[in-house]
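Notes follow once the structure below has been shown.
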Amino acid sequence: MVGMQNAQKEELYLGIDGGGTRCRARIVNDAGITLGEAVRGGANTRLGIDHVFGEIIAAATMALEQSGFSDRHLADLHAGLGLAGLPLERERKLAESYNHPFASVCFATDAYTACLGAHDGEDGAILIVGTGTCGQAIVAGRELALAGWGFEISDIGSGARIGRSAIETALLAHEDLATSSELTRAVMKHFNDNPEEIVAFAEKARPADYGAFCPMVFDADSHGDLTAAAIIDVAVTANRNILYKLQEFGAKRLSLMGGLAEQMAKRMPDDIQSDLVPAQNDALHGAILMARKHQKVHA
Numbered sequence: 001m002v003g004m005q006n007a008q009k010e011e012l013y014l015g016i017d018g019g020g021t022r023c024r025a026r027i028v029n030d031a032g033i034t035l036g037e038a039v040r041g042g043a044n045t046r047l048g049i050d051h052v053f054g055e056i057i058a059a060a061t062m063a064l065e066q067s068g069f070s071d072r073h074l075a076d077l078h079a080g081l082g083l084a085g086l087p088l089e090r091e092r093k094l095a096e097s098y099n100h101p102f103a104s105v106c107f108a109t110d111a112y113t114a115c116l117g118a119h120d121g122e123d124g125a126i127l128i129v130g131t132g133t134c135g136q137a138i139v140a141g142r143e144l145a146l147a148g149w150g151f152e153i154s155d156i157g158s159g160a161r162i163g164r165s166a167i168e169t170a171l172l173a174h175e176d177l178a179t180s181s182e183l184t185r186a187v188m189k190h191f192n193d194n195p196e197e198i199v200a201f202a203e204k205a206r207p208a209d210y211g212a213f214c215p216m217v218f219d220a221d222s223h224g225d226l227t228a229a230a231i232i233d234v235a236v237t238a239n240r241n242i243l244y245k246l247q248e249f250g251a252k253r254l255s256l257m258g259g260l261a262e263q264m265a266k267r268m269p270d271d272i273q274s275d276l277v278p279a280q281n282d283a284l285h286g287a288i289l290m291a292r293k294h295q296k297v298h299a
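Residue numbers are given in the UniProt record's numbering: position 51 of the sequence shown equals residue 51, and the series is strictly consecutive.
Here you go:
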């Protein structure tokens with residue numbers, strides 16, 4: 001990392017990638033050199049705008065400290081914030097009206113900044129597959145966003161929905177309403193074979209809490225568990241359909257991103273796999289590209 005003595009007179013840019021599970025921050029100087037990075041807790045705007053900006057500011061402060069700066073320099077940062085939850089107009093308005101400490105701020109969905117980063121500002125599309133899911137294409141100045149409407153009603157191919165399906169199926173199997181399997185037994189063991197513990201969990205659980213059960217599903221699938229395979233098939237179908245729509249929009253390059261990207265990529269059909277390309281950069285890079293453009297336009 002480059003210390004503050006080398007960046008004192010330069011513009012400083014903050015990129016934020018705020019998802020349902022974690023908030024990542026990166027600070028770069030005008031030359032694009034990374035000065036500091038940090039990670040905090042989830043920053044989906046649906047967690048509450050005060051909570052989200054608390055995580056953003058904490059992550060930015062940690063990244064500044066790593067760079068050799070104090071929190072006084074928050075006011076010097078031109079911030080690009082890519083946040084889950086911003087497809088909702090009410091959440092965007094709350095974010096845009098927030099009394100932030102930065103020199104300037106611009107906002108987009110985490111999918112938009114991920115797409116910018118993945119294709120280094122050029123045309124292409126991405127599918128984020130992690131705690132949630134969201135597809136995004138940028139083609140010839142046009143944009144298409146798909147899914148990402150939240151765990152309760154959308155994000156069918158996400159880790160959170162996979163984890164919730166595992167718990168639901170385990171509870172059914174516990175009452176002999178579904179076939180018992182390695183997966184269902186492992187899930188019930190986690191809850192001490194007590195449905196009341198599942199109820200208590202569900203009353204407080206956030207999407208990331210359900211997503212924590214996702215590795216258990218893929219592990220069971222690797223051992224031939226048919227229940228796990230059926231749950232994964234539902235997610236694969238949902239994600240495949242999003243990718244087809246992104247192709248129809250005109251995207252010639254597709255990148256999968258997020259914690260489940262590798263698992264999903266290998267399960268896609270040939271006509272999708274032929275268009276899959278590695279992401280050139282991450283969502284933080286996209287957020288910084290956005291912050292640079294915004295700062296130059298409004299300088």
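The beta-carbon is built from N, C-alpha and C at its ideal position, and this holds for glycine as well.
Quiz item: What's the gap between the Cα of A229 and the Cα of E196?
Solution: 27 angstroms
Practice problem: Identify the continuous beta strand (DSSP E) that holds A38 and give its terminal residues. | Solution: T34 to G41
Practice problem: Write down every uninterrupted run of the alpha helix (DSSP H) in the segment 68–101 whose length is 4 residues or greater and which is fully enclosed by it, in chain order. | Solution: 89–96
Quiz prompt | Cβ neighbours of A265 in the same chain (closer than 8 angstroms, five flanking residues each side left out) | solution = L256, Q273 and L276
Quiz prompt | Best match in E175, E143, E11 and L94 for proximity to D193 [C-alpha to C-alpha] | solution = E175
Quiz item: How would you write the range of the beta strand (DSSP E) that V105 sits in, first residue to last?
Solution: S104 to T109
Self-check item: Selected residue, minimal CA-CA separation from G18, among L77, G85, L35 and L74
Solution: G85
Self-check item: Neighbourhood of G132 by C-beta distance below 6 angstroms, restricted to the same chain and skipping five residues each side
Solution: G20, D155 and S158
Quiz item: Can you list, in chain order, the residues of its chain whose CB lies under 6 angstroms from that of M62, leaving out five sequence neighbours each side?
Solution: A38.
Exercise. Compare the beta carbon distance of L254 and L243 with 8 angstroms and say whether it is the shorter of the two.
Key: yes
Quiz item: In whole angstroms, what is the alpha-carbon distance linking Y112 and E122?
Solution: 12 angstroms
Self-check item: Limits of the unbroken beta strand (DSSP E) element including V28
Solution: From DSSP, the beta strand (DSSP E) with V28 extends over R22 to V28.
Quiz prompt | Backbone CA spacing between I288 and G211 [nearest angstrom] | solution = Straight-line Cα distance between these residues: approximately 28 angstroms.
Quiz item: Nearest to A114 by CA position, among Y98, G135, V139 and A160, is which residue?
Solution: G135
Quiz item: Quick one: what's got a C-beta closer than 6 angstroms to I128's C-beta in the same chain, skipping five residues either side?
Solution: If we look at I128 and ignore the five residues flanking it on each side, its Cβ neighbours are A111, A114, C134, M257 and G258.
Quiz item: Which word fits G80, buried or exposed, when buried means at least 16 other C-beta atoms lie within 10 angstroms of its C-beta?
Solution: Buried: at least 16 other Cβ atoms inside 10 Å.
Practice problem: Please list the segments of the beta strand (DSSP E) lying wholly inside the segment 120–199, counting only runs of 3 or more residues, in order along the chain. | Solution: 124–129, 133–139 and 142–146
Quiz item: Taking the beta strand (DSSP E) that M257 falls in, what are its first and last residues?
Solution: DSSP places M257 in the uninterrupted beta strand (DSSP E) bounded by L254 to M257.
Quiz item: Between the Cα of G41 and the Cα atoms of D30, I56 and G32, which residue gives the shortest distance?
Solution: Among D30, I56 and G32, the Cα nearest to that of G41 belongs to I56.
Practice problem: Taking 8 angstroms as the threshold, find out whether the segment 176–192 comes into contact with the segment 216–230 through three or more Cβ pairs. | Solution: yes
Practice problem: Tell me where the alpha helix (DSSP H) around D17 begins and ends. | Solution: Here D17 belongs to no alpha helix (DSSP H); instead the beta strand (DSSP E) covers L12 to G18.
Self-check item: Nearest to D282 (by Cα), restricted to the options A95, S104, I153 and D120
Solution: D120
Quiz item: Going straight from the alpha carbon of L116 to that of F151, what length do you get?
Solution: 24 angstroms
Quiz prompt | A140 classed as buried or exposed, judged by whether at least 16 other C-beta atoms fall within 10 angstroms | solution = exposed
Quiz prompt | Expected contact under 8 angstroms - CB spacing of A251 and A125 to nearest Å | solution = For A251 against A125, the beta-carbon gap comes to about 3 angstroms, under 8 angstroms, which counts as contact.
Quiz item: Are A108 and G82 closer than 8 angstroms when you measure CB to CB?
Solution: yes
Quiz item: Just how far apart, CA to CA, sit I49 and A238?
Solution: 29 angstroms
Quiz item: Does the distance from the C-beta atom of A279 to that of A137 stay below 8 angstroms?
Solution: no
Quiz item: Do C286 and C214 have their C-beta atoms within less than 8 angstroms of each other?
Solution: Here residue 286 is Gly; the residue named in the question, Cys, does not match the sequence. No. Outside cutoff.
Quiz item: By Cβ distance, which residues of its chain are closer than 8 angstroms to K245, with the 5 residues on each side in sequence left out?
Solution: Setting aside the 5 residues that flank it on each side, K245 is surrounded in the same chain by G135, L144 and L146, each with a C-beta closer than 8 angstroms to its C-beta; the list follows chain order.
Self-check item: With 16 other Cβ atoms within 10 Å as the buried cut-off, status of Q5
Solution: With a pLDDT of only 45 at Q5, under the threshold of 50, the placement of this residue in the model should not be trusted, and no figure is reported.
Quiz item: Which residues does DSSP pair with L276 in a beta bridge?
Solution: L254
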